[in-house]
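Take the sequence shown: its letter number 80 is residue 1178 in my numbering, and every next letter is one higher. All residues carry an ideal CB built from backbone N, CA and C; glycine is no exception. Here the structure is a predicted model, which is why all the values come from computation and not from measurement. Take a look at the structure below.
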Amino acid sequence: MNKKEIDKKEGIVKGKASVSIPMSGFPLDLWQVWNKQCERDYQGIRWIKAWTDHIKAQSYDVLVQSKVMIIEKSQEQVSEKEQEELGLLNPETEVNKDG
């Protein structure tokens, strides 16, 4: 194998580089919408559109996680309140089984 073949096999590119991202199973109509947005808003520079989408997805994940934490905390408070009402958290209100 010569140097050129080794470089090609290892993905070493001299000069301009292009990156292709394999996409399969993605609906064509949604890809076309995404591509049109890329052309319109990012002058066809796909990596910028992909990076922007990634940042938006991360922000959305943080938003969803914070909402889930709020819901879980409120459910815990409701559960504690219900247990207090039933006398389960206060040992002084427990019924004496011996008498």
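Could you spell out where the alpha helix (DSSP H) holding residue i opens and where it closes?
{"i": "I1169", "result": "1144 to 1184"}
{"i": "N1100", "result": "Looking at the DSSP string, N1100 is not in any alpha helix (DSSP H), and its letter there is neither H nor E."}
{"i": "Q1130", "result": "1126 to 1140"}
Assuming residue i contacts residue j under a Cβ cut-off of 8 Å, what Cβ separation, rounded to an integer in Å, is found between them?
{"i": "K1134", "j": "Y1140", "result": "No, K1134 and Y1140 are not in contact; Cβ-Cβ is about 11 Å, not under 8 Å."}
Are there 16 or more other CB atoms within 10 angstroms of the CB of residue i, so buried, or fewer, so exposed?
{"i": "L1161", "result": "exposed"}
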